[in-house]
Amino acid sequence: MKETSNENFGIILIGSSTGGLPVIEKLLSGIKRDKYAVLIAQHMPEGYTGMWSERLNKVTPFTVKEGVDGEIVKCGYAYIAPGNRHMLLSDNMPPQIVVNSEPHVNRFRPSIDVLFNSALHYSGVKVIAIMLTGMCDDGVESMIEMRSRGFITIAQDKESSAVFGMNREAIDRGGAGLVFSPDDMIEYLNGI
Numbered sequence: 087m088k089e090t091s092n093e094n095f096g097i098i099l100i101g102s103s104t105g106g107l108p109v110i111e112k113l114l115s116g117i118k119r120d121k122y123a124v125l126i127a128q129h130m131p132e133g134y135t136g137m138w139s140e141r142l143n144k145v146t147p148f149t150v151k152e153g154v155d156g157e158i159v160k161c162g163y164a165y166i167a168p169g170n171r172h173m174l175l176s177d178n179m180p181p182q183i184v185v186n187s188e189p190h191v192n193r194f195r196p197s198i199d200v201l202f203n204s205a206l207h208y209s210g211v212k213v214i215a216i217m218l219t220g221m222c223d224d225g226v227e228s229m230i231e232m233r234s235r236g237f238i239t240i241a242q243d244k245e246s247s248a249v250f251g252m253n254r255e256a257i258d259r260g261g262a263g264l265v266f267s268p269d270d271m272i273e274y275l276n277g278i
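Structure follows, in structure tokens:
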């Protein structure tokens, strides 16, 4: 088991769609697991997220699993929203995973907006939102709101994106405070 005991860890929220799988693997392989918990909303159908989490668990230093309703968020873990389910952070402390089957948001379940919006009430906890490659604009409105409230918001750059869509919208509409390649994201996150 890949255990860690940091009590003052940050939480990284990642929104991703088309082209995001290899980027997420790269991020989880490079980010220091003793500093963060990671929650991922990847637009992926039911049945695939379990296999993907098992693969990531084998090839990255994070303990990777599908999010389970009621589970306490732990440093060194990466939680993937189960296919066809929303995943979000609870309102209480310590943060817990909430998984539900509420209606689709922006045509998606899991929705990035649902995940990002769930962190808006957090203060005193380092929460970072990252928008990766993908089509449409799921997550952009919540990222704009997060940035306006002082959260760190990062978008993947055009050059490294398979589809410069969601991240382009986040940049163009003012939701992204920082724009990085995956390598630069890793360097930044490990340095703060």
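Numbering follows our numbering, with no gaps: position 174 of the sequence shown is 260.
No residue lacks a Cβ here, since even glycine has one placed at the ideal position from N, Cα and C.
**Study point:** 6 Å CB neighbourhood of A256 in its chain, flanking five on each side removed
**Key:** If you number the sequence shown from 1, residue 256 lands on position 170. Cβ neighbours of A256 beyond the five flanking positions: M217, V226, M229, A241 and A262.
Point to revise | Candidates L125, G105 and L206, of which the one nearest L311 by Cα | key: Residue 311 is absent from the model: the chain starts at 87 and stops at 278.
**Study point:** Secondary structure of E132, DSSP reduced to three states
**Key:** Residue numbering aside, residue 132 sits at position 46 when the sequence shown is read from its first letter. Reduced to three states, the DSSP call for E132 is coil.
Practice item. Compare the beta carbon distance of F237 and V211 with 8 Å and say whether it is the shorter of the two. Key: Numbered from its first residue, the sequence shown carries residue 237 at position 151. Numbered from its first residue, the sequence shown carries residue 211 at position 125. No, the pair does not count as a contact, with Cβ atoms beyond the cut-off.
Exercise for review: Could you tell me the boundaries of the alpha helix (DSSP H) in which K112 lies?
Suggested key: Taking the sequence shown and counting its residues from 1, one reaches residue 112 at position 26. Here the alpha helix (DSSP H) through K112 covers G106 to G116.
Check your understanding: Taking three-plus beta-carbon pairs below 8 Å as touching, is the segment 165-181 in contact with the segment 137-155?
Key -> As far as the Cβ criterion goes, the segment 165-181 touches the segment 137-155, which means the pair count is three or higher.
Point to revise | Closest residue to N82 among P180, S176 and I110 (Cα-Cα distance) | key: This structure leaves residue 82 out entirely; the chain is present only between 87 and 278.
Point to revise | Per-residue DSSP class, three states only, for A248 | key: As a first step, residue 248 is located in the sequence shown; it is residue number 162 there, counting from the start. A248 falls in the coil class under three-state DSSP.
**Study point:** Extent of the continuous alpha helix (DSSP H) to which S228 belongs
**Key:** Counting from one through the sequence shown, the residue named residue 228 turns up at place 142. Segment V226 to S234, the alpha helix (DSSP H) holding S228.
Review point. Helix, strand or coil: how does DSSP classify F266 here?
Key: As a first step, residue 266 must be located in the sequence shown, where it is residue number 180. Look at F266 here: in three-state DSSP terms it is strand.
Practice item. Would you tell me roughly how many angstroms separate the C-alpha atoms of S247 and T219, rounded to the nearest one? Key: Taking the first residue of the sequence shown as position 1, residue 247 is located at position 161. Taking the first residue of the sequence shown as position 1, residue 219 is located at position 133. Taking the straight line joining both Cα atoms gives about 5 Å.
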